[in-house]
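Enquirer: For the sequence shown, my numbering assigns the number 756 to the initial residue and increments by one for each residue that follows. Before anything else, here's the structure in question.
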Amino acid sequence: MTSRLHLTVDGPAAAPVLLLGSSLGTAAAMWEPQVPLLAERFRVIRYDHLGHGRSAVPAGPYTLDLLGRELLRTLDDLDLRWVHYAGLSLGGMVGMWLAAHAPDRVRRLALLCTSASLGPAGPWRERAATVRAGGLPTIADTVVARWFTPAFATARPDVVAAHRAMLTATSPAGYAACCEAIAAMDLRPDLGRIDTPTLVVAGADDPATPVAHAREIVGRVPGARLVVVGAAAHLANVERPAQVGRLLREHFEEPGG
756 MTSRLHLTVD GPAAAPVLLL GSSLGTAAAM WEPQVPLLAE RFRVIRYDHL
806 GHGRSAVPAG PYTLDLLGRE LLRTLDDLDL RWVHYAGLSL GGMVGMWLAA
856 HAPDRVRRLA LLCTSASLGP AGPWRERAAT VRAGGLPTIA DTVVARWFTP
906 AFATARPDVV AAHRAMLTAT SPAGYAACCE AIAAMDLRPD LGRIDTPTLV
956 VAGADDPATP VAHAREIVGR VPGARLVVVG AAAHLANVER PAQVGRLLRE
1006 HFEEPGG
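This is the structure:
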């Protein structure tokens, strides 16, 4: 069975591969602020999660195991023995799963604005039910308000509007199924198995995955390093594109990368 994930590829064909996983409710375009800098050094492959963007929307239920194994299938299809990996939010959750369950496939890892456990499960299941019943517009304003700080939203309404449009264009069935995967997720027991060099980035003003969640990951992943990005909410790479781009490039260019 071939991969059902849609890919966007930039950068030199012979360069080391850097795989980028986006947040719940976004697609590959979320990473556009970082692509020019990263593609100077890496073959940057952005993928859309199942149920998101231009990827397939198989019937649920979804689990983190399913999302991770779909990504492994993609690596096999591309004949990639290993990659560097950076993921934000849901992308970071998939990255933790990948590094714990297929450690030989991840050379270096970056986890941005993410969590190893986002319980309780009830609100996630309620969100899934709301989206199935009424579509993404029913939750869009609430979700997007957590993606950006008020100051950024005031200064850059165009960016906020573009990401809201990305959210509302997402398949309701796919979004809901990924909500249910997050509801059932607890990656904490897996974190001690991650032995790849790991950078953890948190937004100082992120209400969706607060800094405490990043600190828990750092406390459980051997040798992980934490950087807190000031004046940034959940989509820290969008609010602070240059800083996050530099952090990622420096991490993945370190010796052994």
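Just so you know, even glycine gets a beta-carbon here, dropped at the ideal spot from N, CA and C. None of the values given here were measured: they were computed from a predicted structure.
Report the rounded CA-to-CA distance for N992 versus R1004, giving the unit in angstroms.
Expert: 13 Å
Enquirer: Along the chain, where does the alpha helix (DSSP H) that runs through V886 open and close?
Expert: In the DSSP assignment, V886 falls within the alpha helix (DSSP H) that extends over 876-889.
Enquirer: From A928 to P1010, what does the alpha carbon distance come to, in whole angstroms?
Expert: 42 Å
Enquirer: At 4 residues or longer, and completely inside the segment 819-853: list those alpha helix (DSSP H) runs for me, N to C.
Expert: 819-832
Enquirer: One question on the structure: do V838 and P771 come within less than 9 Å of each other, judged by their Cβ atoms?
Expert: yes
Enquirer: For M935, which option in L821, F907, L990, G842 has the closest C-alpha, if you only look at C-alpha atoms?
Expert: One point to set straight first is that residue 935 is Glu, not Met, in the sequence displayed. That would be L821, whose Cα lies nearest to the Cα of E935.
Enquirer: Should S926 and G846 be called a contact, given that it needs their Cβ atoms to be closer than 9 Å?
Expert: no
Enquirer: Beta carbon of L922, beta carbon of G780: below 9 Å?
Expert: yes
Enquirer: Leaving out five residues before and five after R809 in sequence, what residues of the same chain have Cβ atoms less than 8 Å from its Cβ?
Expert: H761, A782, D803
Enquirer: Within the chosen definition, does the segment 815-831 reach the segment 783-792 through at least 3 CB pairs nearer than 8 Å?
Expert: A contact is defined here as three or more CB-CB pairs under 8 Å, and the segment 815-831 fails this definition with respect to the segment 783-792.
Enquirer: Using a Cβ distance threshold of 8 Å, determine whether the segment 828-835 contacts the segment 933-950, with at least three qualifying pairs required.
Expert: no
Enquirer: CA-CA distance, S758 and E881?
Expert: 30 Å
Enquirer: For G958, count neighbouring C-beta atoms within 10 Å of its own C-beta (all shown protein chains included) and say buried if the count is 16 or more, exposed if not.
Expert: buried
Enquirer: Let me check one thing: in DSSP terms, what residues is V799 bridge-paired to?
Expert: Under DSSP, V799 forms a beta bridge with D765, L773.
Enquirer: Expressed to the nearest angstrom, what Euclidean distance is found between the alpha-carbon atoms of G842 and A884?
Expert: 26 Å
Enquirer: Which runs of the beta strand (DSSP E) spanning at least 3 residues fall entirely within the segment 930-958, listed in chain order?
Expert: Here the runs fully enclosed are 953-958.
Enquirer: Would the segment 850-858 and the segment 888-904 be scored as touching if the rule is three or more Cβ pairs under 8 Å?
Expert: no
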